[in-house]
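Here the structure comes first, spelled out in structure tokens, and everything after it is commentary.
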Ligand code: ADP
Ligand code: MG
């Protein structure tokens with residue numbers, strides 16, 4: 049029941065906050081920073097898609113979210129916006145280093161996600177990069193990675209930095225996103241992802257998104273979601 053769920057999440061306040069924003073249909077109705085609102089408007093985003101309407105109020109309250117919605121339904125903004133807001137609210141600055149890590153199963157997708165961060169985050173002062181593997185760029189990445197706020201990574205390349213890059217520090221990271229979670233949590237990535245997650249702070253917000261409803265409790269335990277909201281959207285409104 050709702051009261052028990054609210055209590056479990058740490059009280060009524062969080063639930064009230066959710067019910068206040070749960071009925072919003074437009075981005076500008078959400079409690080977002082001016083910078084994010086301006087970025088959304090400039091990028092031409094006004095109405096939320098269904099997964100965004102369902103996930104954003106929870107994610108913006110700081111909850112862990114497991115969201116499923118088909119390809120093309122707008123999952124990227126459902127995590128880019130909470131990530132930007134988290135860093136904004138924490139007054140994240142150049143000195144604070146890595147604040148957000150997004151795991152993506154491949155380089156192309158990582159590039160697309162990073163573009164959305166650049167577009168919607170353009171009025172914030174955050175720095176970031178795609179950290180995606182290949183020989184090219186490794187030394188450059190090593191030189192700057194500790195000064196970046198947002199890393200959009202493939203699991204293997206992030207693990208490489210964790211192992212090889214002197215003083216690589218993600219001990220202050222606030223928010224972990226796993227996009228295409230069914231692929232990233234698949235057995236092909238299992239060892240890498242488990243190694244990566246074991247080196248991240250436990251006290252963080254975690255958002256998982258995929259096209260199919262994930263799935264085994266074992267997978268979720270691997271990334272230690274805390275009392276997550278399960279959100280599944282089948283039809284676009
Ligand atoms: P998914 O990750 O679910 O496959 P994307 O986040 O890649 O979906 O979004 C699919 C497309 O929909 C992109 O071109 C994106 O710019 C567009 N889009 C996402 N959200 C909105 C929105 N609220 N209004 C208009 N277009 C949107
Ligand atoms: Mg996507």
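Residue numbers (the UniProt record's numbering): 49 to 285. Beta carbons are placed, not taken as given, at the ideal position from N, Cα and C, and that holds for glycine. The model shown is predicted, which means the values in this text are computed figures rather than measured ones.
- The residue from 279, 280, 179 and 248 with its alpha-carbon nearest to that of residue 271 is 248.
- The beta carbon of residue 216 sits closer than 7 angstroms to the beta carbons of 193, 194, 209 and 210 from its chain, once the five residues preceding and following it are set aside; these are given in chain order.
- With a beta-carbon spacing of about 14 angstroms, residue 127 and residue 96 fall beyond the 8 angstroms limit used to define contacts.
- No heavy atom of ligand 2 is found nearer than 6 angstroms to the CB of residue 155.
- Apart from the 5 residues on each side of it in sequence, residue 225 sits with its Cβ closer than 6 angstroms to the Cβ of 127, 150 and 255 in its chain, given in chain order.
- Note on the segment 209-253: whole alpha helix (DSSP H) runs with a minimum of 4 residues are 229-232 and 238-246, in chain order.
- Look at residue 118: its beta carbon is at least 6 angstroms from all of the heavy atoms in ligand 2.
- Looking at the DSSP output, residue 95 bridges to 74.
- In this structure, the alpha-carbon of residue 143 lies about 12 angstroms from that of residue 173.
- Residue 214 sits exposed, since fewer than 16 C-beta atoms from the chains shown fall within 10 Å of its C-beta.
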